[in-house]
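Quick notes on the structure that follows.
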Amino acid sequence: SLTGKTAVITGSNSGIGLGVARELARAGANVVLNSFTDRNEDHALAAEIAAEFGVDAKYVKADMSNGDECRALIEQAGACDILVNNAGIQHVAPIDEFPVDKWNAIIAINMNSAFHTTAAALPKMRAAGWGRVVNIASAHGLTASPFKSAYVAAKHGVVGLTKVTALETAREPITCNAICPGYVATPLVEAQIPDTMAKYNMSRDEVVEKVLLERQPSKQFATVEQLGGTTVFLCSDAAAQITGTTISVDGGWTAL
Ligand code: NAD
């Protein structure tokens with residue numbers, strides 16, 4: 002059980018981050034939710050988790066594109082035994098047309114933020130004598146697709162940072178691993194379906210199987226609960242010697 006541990010999950014007011022936060026809370030951890038929005042709904046999500054799972058939960062606003070705010074998030078969290086670097090955005094364009102501001106934002110949010118939060122969290126983990134860093138990378142941390150240069154570069158970078166973090170903590174009761182999801186059913190992915198149906202004149206099932214899940218042999222989305230469960234496993238005693246590696250949750254994508 003993770004009772005008494007505190008988990009900070011970046012980018013956790015929706016999708017995978019929220020799913021991971023909920024599963025960590027179900028396992029007994031106190032959770033710190035984050036996004037850059039600071040809406041009433043964000044604070045309400047924390048209150049709902051606290052009520053449902055009987056843990057402490059709070060929301061802390063911090064923009065993961067800003068290094069100082071990444072570090073401030075860890076300071077404001079108080080304890081940080083478990084750090085889940087999840088915040089991420091995407092933009093799709095050929096390299097020669099890729100907007101520079103999008104490139105910089107993706108590298109900052111998807112990769113640099115993990116450096117800043119990890120730098121701020123490791124001293125707390127060392128002081129507590131235990132820690133877990135879980136980086137939500139992607140199948141695109143291990144393979145590439147055209148038109149996703151910034152995303153693929155950032156996610157490969159996160160996998161590299163994961164290995165270095167693991168080596169620097171190898172003699173301590175701290176581990177660092179990356180989870181590499183394939184396509185996950187989130188509101189973001191769900192929102193792409195109607196447009197794609199219209200674009201290719203396809204049914205919903207055809208869009209899911211032939212377009213979205215083209216490279217996912219299982220032809221099923223991973224769920225946010227499964228990613229939460231994988232995170233809980235990496236935080237368990239059974240995973241104490243798992244460090245510096247990647248776990249794919251991709252229905253066979255990277256086996257192709
Ligand atoms: P999402 O859009 O639902 O969630 C992204 C989260 O990041 C949100 O909570 C958002 O508020 C937060 N965020 C965005 N910019 C931020 C910023 N500047 N500061 C703080 N928070 C910010 O998307 P998701 O699908 O849940 O993605 C979460 C992570 O999982 C991302 O790193 C993404 O690359 C990765 N991932 C997703 C999939 C998928 O199929 N959905 C697959 C592989 C990897």
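Residue 206 in full-length UniProt numbering is what sits at position 205 of the sequence shown, and the numbering runs on without skipping anything. Ideal Cβ positions, reconstructed from N, Cα and C, are used throughout, including at glycine. From a predicted model like this one, the values you see are computed outputs, not experimental measurements.
Take residue i as the anchor and find which of the options has the nearest alpha-carbon.
i, options, result
"leucine 143", "Asp39, Val159 and Asp238", "Val159"
"glutamine 138", "Ala58, Gly79, Asp39 and Ile17", "First, the amino acid is wrong: residue 138 is alanine here, not glutamine. Here the closest residue by C-alpha is Ile17."
"glycine 5", "Val56, Ile108, Gly20 and Glu76", "Val56"
"isoleucine 108", "His157, Gly79 and Ala140", "His157"
"isoleucine 243", "Lys164, Glu207, Val208 and Gln193", "Lys164"
"glycine 245", "Asn202, Val153, Thr170 and Met198", "Thr170"
"residue 1", "Ile50, Asp43, Asp69 and Ala52", "Nothing about residue 1 can be read from this structure; the chain reaches only from 2 to 257."
"alanine 80", "Val33, Ile175 and Asn202", "Val33"
"glycine 132", "Glu210, Ala241 and Gln221", "Ala241"
"isoleucine 175", "Glu210, Ser204, Asp196 and Arg127", "Arg127"
"proline 188", "Leu162, Phe222, Ala239 and Tyr152", "Phe222"
"aspartate 251", "Val153, Pro100 and Lys220", "Lys220"
"leucine 168", "Leu123, Val9 and Arg205", "Leu123"
Can the beta-carbon of residue i be found less than 7 Å from the beta-carbon of residue j?
i, j, result
"cysteine 181", "serine 237", "no"
"asparagine 31", "threonine 11", "no"
"residue 258", "aspartate 82", "Because residue 258 is not part of the residues shown, which for the chain are 2 to 257, the question remains open."
"arginine 172", "histidine 117", "no"
"threonine 255", "alanine 140", "yes"
"serine 66", "isoleucine 110", "yes"
"tyrosine 184", "leucine 228", "no"
"alanine 186", "threonine 224", "yes"
"lysine 59", "alanine 45", "no"
"alanine 179", "asparagine 136", "yes"
"methionine 198", "valine 209", "no"
"leucine 74", "asparagine 35", "yes"
Within a Cβ cutoff of 7 Å, which residues of the same chain sit near residue i, ignoring the five residues on either side of it in sequence?
i, result
"threonine 166", "Thr119, Val134 and Cys177"
"serine 114", "Thr11, Met65, Cys71, Asn86 and Ala88"
"methionine 112", "Ala155, Gly158 and Val159"
"alanine 106", "Ser66 and Ile90"
"alanine 28", "Ser2, Leu3 and Val233"
"alanine 26", "Val32, Ile50, Phe54, Val56 and Ala58"
Residues in its own chain within less than 8 Å of residue i by CB, not counting five upstream and five downstream?
i, result
"tyrosine 257", "In the sequence on display, residue 257 carries leucine and not tyrosine. Answer for leucine 257: Arg216 and Pro218, listed in chain order."
"phenylalanine 148", "Val93, Ala94 and Pro95"
"phenylalanine 99", "His92, Ser150 and Ala151"
DSSP three-state label for residue i, please.
i, result
"alanine 155", "helix"
"valine 56", "coil"
"serine 36", "strand"
"glycine 229", "helix"
"isoleucine 243", "coil"
"isoleucine 90", "coil"
"serine 249", "strand"
"lysine 62", "strand"
"cysteine 181", "strand"
"arginine 133", "strand"
"threonine 176", "strand"
"asparagine 31", "strand"
"alanine 80", "coil"
"threonine 119", "helix"
"alanine 145", "coil"
Given residue i, which residues of its chain have a CB within under 6 Å of its CB, disregarding the five upstream and five downstream residues?
i, result
"leucine 19", "Ser13"
Beta carbon of residue i: closer than 6 Å to some heavy atom of the ligand MG?
i, result
"isoleucine 110", "The ligand MG is absent from the structure shown, which contains only the ligand NAD."
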